[in-house]
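Enquirer: Below is a structure I'd like to ask you about.
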Amino acid sequence: PQTIYRKDYTPPSYLVETVELGFDLDPARTIVANRITLRHNPEAAQDHRDIVLHGEDIELVALRLNGTELNPGQYIVGTSTLTIKKAPLNVVLEIETTCAPEQNTTLSGLYVSNNSFYTQCEAEGFRRITYFPDRPDVMAKFTVMLRADKQKYPVLLSNGNLVEEGDLDNGRHYAKWEDPFKKPSYLFALVAARLVCQEETFRLADGRNALLQVWVEEGNLDKTDYAMQSLKNSIRWDEERWGLELDLDRFMIVAVGDFNMGAMENKGLNIFNTKFVLANPATATDVDFAGIEAVVGHEYFHNWTGNRVTCRDWFQLSLKEGLTVFRDQEFSADMIGTDSGRAVTRIDQVRTLRQAQFPEDAGPMAHPVRPDSFVEINNFYTVTVYEKGAEVVRMYQTLLGRDAFRKGMDLYFERHDGQAVTCDDFRAAMASAAGRDLAQFERWYSQAGTPIVTASGTYDEEAQRYTLTLAQRCPPTPGQAEKLPFHIPVAVGLLDAKGRDLALNGEGDTTVVLELTEAEQTFTFDAIAELPVPSLLRDFSAPVVLEYPYTDEELLHLFRHDSDPVNRWEAGQRLAMARLLRLTAAVQNGEKLELDYTFIAAQRALLVDETLEAAFREQALILPSESLIADQMEAVDPQAIHTARRFMRETIAKVLRNELQNAVAANATPGPYSPDAVSAGKRGLKNLALSYLLAAPDDFTLDLATRQVAEATNMTDRAAALVALIHSGADVEAQLQSFYDEFKGEALVVDKWFAMQASAPTTDVARIRELMTHPAFTLKTPNRARSLIFNFTNANPSQFHAPDGSGYEFWAEHVIKLDALNPQVAARLARSMDRWRRYLPDLQPHMRRALETVAAAPKLSNDVMEVISKALA
Ligand code: B3K
Ligand code: ZN
């Protein structure tokens, strides 16, 4: 496979002005007529007169240039391109191709799901539909004519506005769509399906009306309210917070059951995984509702950050993804509205970064936010590009302040509306708007790896001065041995002995943002009347690892008092992590396991503190996950980690039994279900308490959970109790069966049913294999494959890492099987073995063998090949 480098970028030789597409939709053989007008790009070399079109898995039927049929000698068809040499300056190409949507299991390009047609073009799926310069810097106006059987496909949708529709012969009908905006081909979409919609006319800030639609299969109309509400909130929020308006008369969301990722921001026609559209209280959990709000927001926000201003090339992916994740994070936080609610969303973001992005940054697939090379671009839709990319955007806001950041955004749109640009263009807009030099900040885009910031403080009582020294380093990553210092905003506060914030400057600020730009720097704070406890990296002001030699007393002080809720939570995590690591070592050495009362007492104090929001208390009581503990170990021992964490939960459950029971009782949410943050927080705390109680189960707690499964009126409570029961090792056979029977018609709930079993430490690989023979299981639907297989390999470490290597064999087998169907999904699964070199010496040979098995498989996709060869390198 070929590696593509960012440094090799050259502008396209031809630009496309208009695209007219005609589709005769047929699952077995769809005919695509494509008429494009091209003109030579003034920015390309004058003598570069080759038109390069991409194409993949399509049959060429006819090709005409300026009205004349070309015969095979006049163009060159490569494995994935069609080149016309020495073309005139102005060209009209008419291209006729066919494709076979029902054979397309990759879910990229035009495919069939449940007897209807859908498309997915990002990143390079459009070339699977027709020949085209399928690169984001080629933006054109699209007109689309769809023709299909009226009975089977009553709904025909594409981007933009519907301009015409009507009947044809032979029971067929047509619809013609026109998108008034120029767009790159990756934003093209069509849907031809049997669907129904919830619709509403919505008044925009400038007084125009827009038609909003959420399209779903017939039985799902009772699950579209929340998506519609989220869409309206998103439109409003984008107007109010950023002054950005919907630019179309019509905005559609379509839900499809077979989808590779979460959703896709096609212009005016967002296509969504059902998981991020369908919800009602009986089928969806609080987490699902929050996910719908975030993803509906995310795709909507792409209309400006991604569609109106798009990426010059795929190396710039974070330009739209990092920025849009930042926007959806801010949206979700603003929707909650309270400071503590915001903090809980921030804690969630920090958790995702540590759980997924830091390991990526430390593994074989590590890459900068703006990668320098790739084999398969679909492998770079990563937590680094998305979540670390969002942190990079957030750091601009932290460094420049909210107002200057907003000016930077305005300037970015003013300069680049309608263009395909780079991360440098975004940074330049921020720098100009704020009047600041952001040259060093560029390293956040170019250097991979998680920086480590080491802090130390000294207090001079006589001078009343506190001195903080910050140093930074960044470990090497593949291809980048040495790193230069980053520009790191470190938000700092100082607590006095009573836990109050000290004033840090003449203005009385209690949090200041220090700018760490050198390898080491010293900062001083004057008029500090006593030895303070530093609260560092408040609100997680930069995506770094912060090291400070905190004592237990200092951490307990922060855990009790820090006014910054993220650092308050963080102090608790540090206390817990230290204990989990000690316990893990004790398990390995066969020593007695003990948990100190001081820690439990701190947990108790927090649990019973009614002045704190339930959602925050829940977060603070969740112990670091097994994989976070693994990241802290030299040689990862999954069984010891599991035993240690279990012991800790069990001990807490036994000592805090009364308090936990009270938390269950006190946080009931009677009345009709509402997904709002306060109610969700209560359910979260209640169900966390329940799961603790079942870590040390007895008749009473088992009965409590059993009743909750039976009596709960919403899926959040029901699933949480069932999961707690499964994890407790109780016999849940009958409950699982009745859960399945009740929900077997709800695909998303069946996914949950598989997922809760797959991630339970009581489920071994043999049981997983048995579940795969269940009639509801299929590898072809990504959601289903993920629910069982990914949850096993990624969320059930003690079983996946079974000492005999059986988990790894299972993994290899399914990477290969999935790859034959769907390379993108297979490559995601392949990533589960990224960090194999960090495991116990006894496990590594098994892991290597599994990786080599995959590497040796015939006909591996580029997607999987890239991941596996990097892991083995
Ligand atoms: N832009 C799409 C992701 C496309 C992934 C292609 N493999 C969804 C999103 O980020 O909004
Ligand atoms: Zn996105």
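If you read the sequence shown in the working numbering, its first letter stands for residue 199, the second for the next number, and so on.
Ideal Cβ positions, reconstructed from N, Cα and C, are used throughout, including at glycine.
Residues around ligand 2, please: the condition is that the C-beta lies closer than 5 Å to some non-hydrogen atom of it.
Expert: E519, T522
Enquirer: Just to confirm the assignment, what range does the alpha helix (DSSP H) spanning E857 have?
Expert: Position 659 of the sequence shown, counting from 1, holds the residue named residue 857. Per DSSP, E857 belongs to the alpha helix (DSSP H) from 855–864.
Enquirer: What's the call for K942, buried or exposed, on a 16-neighbour Cβ count within 10 Å?
Expert: Here the question's residue 942 lines up with position 744 in the sequence shown. Classification of K942: exposed, given that the 10 Å Cβ count is below 16.
Enquirer: In the DSSP assignment, find the unbroken beta strand (DSSP E) run with V1052 in it and report its ends.
Expert: Locating residue 1052 in the sequence shown gives position 854, counting from the first residue. No beta strand (DSSP E) contains V1052, which is instead part of the alpha helix (DSSP H) from 1042–1053.
Enquirer: Can you pull the DSSP bridge partners for N288?
Expert: Taking the first residue of the sequence shown as 1, we reach residue 288 at position 90. Answer by DSSP bridge pairing, in chain order: R237.
Enquirer: Which residues mark the beginning and the end of the beta strand (DSSP E) in which F684 is found?
Expert: By one-based count along the sequence shown, residue 684 stands at place 486. Counting along the chain, F684 falls outside any beta strand (DSSP E), and DSSP gives it neither H nor E.
Enquirer: I'd like to confirm the pairing. Which residues does DSSP put opposite R671 in its beta bridges?
Expert: On the sequence shown, residue 671 is found 473 positions in, with the first residue counted as 1. I650.
Enquirer: Following a CB-centred definition, is E320 positioned closer than 7 Å to any heavy atom of ligand 1?
Expert: For this step, residue 320 is matched to residue 122 along the sequence shown. Yes, since a heavy atom of ligand 1 falls inside the 7 Å radius drawn around the Cβ of E320.
Enquirer: Spatial neighbours of D615 within its chain, please: CB distance less than 7 Å, with the 5 preceding and 5 following residues excluded, ordered by chain position.
Expert: Here residue 615 refers to the residue found at position 417 when the sequence shown is read from its first residue. So the list reads R506, V507, once near-sequence residues are dropped.
Enquirer: According to the neighbour-count rule (16 or more other Cβ atoms, all chains shown, within 10 Å of its Cβ), is S1030 buried or exposed?
Expert: The residue you call residue 1030 lines up with position 832 of the sequence shown. Flag for S1030 reads buried.
Enquirer: Taking the runs of the beta strand (DSSP E) that are 3 residues or longer, which of them lie wholly in the segment 462–489?
Expert: 467–471
Enquirer: Taking only the alpha-carbon atoms, compute the straight-line gap between S314 and A477 and give it to the nearest angstrom.
Expert: As a first step, residue 314 is located in the sequence shown; it is residue number 116 there, counting from the start. As a first step, residue 477 is located in the sequence shown; it is residue number 279 there, counting from the start. Those two C-alpha atoms are separated by around 22 Å.
Enquirer: Considering only the alpha carbon of each residue, which of N264, G265, A285 lies closest to I274?
Expert: For the purposes of this step, residue 274 is taken as the residue at position 76 of the sequence shown. It is A285.
Enquirer: Please state the DSSP three-state secondary structure of E443.
Expert: Here residue 443 refers to the residue found at position 245 of the sequence shown. In the three-state scheme derived from DSSP, where H, G and I count as helix and E and B as strand, E443 is classed as coil.
Enquirer: Is it the case that the Cβ atoms of P873 and Y424 are separated by a distance below 8 Å?
Expert: Translated into the one-based positions of the sequence shown, residue 873 becomes position 675. Translated into the one-based positions of the sequence shown, residue 424 becomes position 226. Yes, the Cβ-Cβ distance between P873 and Y424 is below 8 Å.
Enquirer: With a threshold of 16 other CB atoms inside 10 Å of the CB of S530, please say whether the residue is buried or exposed.
Expert: Position 332 of the sequence shown holds residue 530. Buried, by the Cβ-count rule.
Enquirer: Are three or more beta carbon pairs between the segment 235–248 and the segment 393–412 nearer than 8 Å?
Expert: no
Enquirer: Beta-carbon within less than 7 Å of E398's beta-carbon, same chain only, minus the 5 sequence neighbours each way: which residues are those?
Expert: Counting from one through the sequence shown, the residue named residue 398 turns up at place 200. Answer for E398: L410, M426, listed in chain order.
Enquirer: Given this structure, state the Cα-to-Cα distance separating K852 from A894, to the nearest angstrom.
Expert: Reading the sequence shown from its first residue, position 654 is the one you call residue 852. Reading the sequence shown from its first residue, position 696 is the one you call residue 894. Going from the Cα of K852 to the Cα of A894 covers about 7 Å.
Enquirer: Does the segment 463–474 come close enough to the segment 375–385 to have 3 or more Cβ pairs within less than 8 Å?
Expert: yes
Enquirer: Within 8 Å, do at least three Cβ pairs link the segment 227–236 to the segment 313–333?
Expert: yes
Enquirer: Grouping DSSP H, G and I as helix and E and B as strand, with all else coil, what is I256?
Expert: Position 58 of the sequence shown holds residue 256. Of the three classes helix, strand and coil, the one that applies to I256 here is coil, per DSSP.
Enquirer: In terms of residues, what are the limits of the alpha helix (DSSP H) holding H1012?
Expert: Counting from 1 along the sequence shown, the entry for residue 1012 is found at position 814. Per DSSP, H1012 belongs to the alpha helix (DSSP H) from 1004–1019.
Enquirer: Using the three-state DSSP reduction, which class does N703 fall into: helix, strand or coil?
Expert: As a position in the sequence shown, residue 703 is number 505, starting the count at 1. DSSP places N703 in coil when its eight states are reduced to three.
Enquirer: Helix or strand or just coil, what does DSSP make of S872?
Expert: As a working note, residue 872 is residue 674 in the sequence shown. DSSP places S872 in coil when its eight states are reduced to three.
Enquirer: Check A922 in the structure and name its three-state DSSP category.
Expert: Position 724 of the sequence shown, counting from 1, holds the residue named residue 922. Helix.
Enquirer: So H614 is in the beta strand (DSSP E); what residue range does that whole segment cover?
Expert: Working through the sequence shown from its first residue, we reach residue 614 at position 416. Unbroken run through H614 is the alpha helix (DSSP H), 600–614; no beta strand (DSSP E).
Enquirer: Could you check if N576 belongs to the surroundings of ligand 1, using beta carbon to heavy atom distance under 7 Å?
Expert: Within the sequence shown, residue 576 is the residue found at index 378, counting from 1. Yes; taking the cut-off as 7 Å, the Cβ of N576 has a heavy atom of ligand 1 nearer than that.
Enquirer: Does the Cβ of V1076 have 16 or more other Cβ atoms within 10 Å, making it buried, or fewer, making it exposed?
Expert: Since the first and last residues shown for the chain are 199 and 1071, residue 1076 lies out of range.
Enquirer: Could you give the DSSP three-state label for V591: helix, strand or coil?
Expert: Here residue 591 corresponds to residue number 393 of the sequence shown, with the count starting at 1. V591 falls in the helix class under three-state DSSP.
Enquirer: Can you have a look at H999 and say buried or exposed, based on whether 16 or more other CB atoms are within 10 angstroms of its CB?
Expert: Here the question's residue 999 lines up with position 801 in the sequence shown. Buried, by the Cβ-count rule.
Enquirer: Pick helix, strand or coil for M337, following the three-state DSSP scheme.
Expert: As a working note, residue 337 is residue 139 in the sequence shown. If DSSP states are grouped into helix, strand and coil, M337 belongs with the strands.
Enquirer: Where does the unbroken alpha helix (DSSP H) through Q997 begin, and where does it stop?
Expert: The residue given as residue 997 occupies position 799 in the sequence shown. Q997 -> alpha helix (DSSP H) spans 995–998.
Enquirer: For T201 and chain C, any beta-carbon pair shorter than 8 Å?
Expert: Looking for chain C here will not work: only one protein chain is present.
Enquirer: At the level of alpha carbons, what is the spacing between Y207 and K339?
Expert: Sequence index remark: in the sequence shown, residue 207 carries index 9 (1-based). Sequence index remark: in the sequence shown, residue 339 carries index 141 (1-based). Those two C-alpha atoms are separated by around 24 Å.
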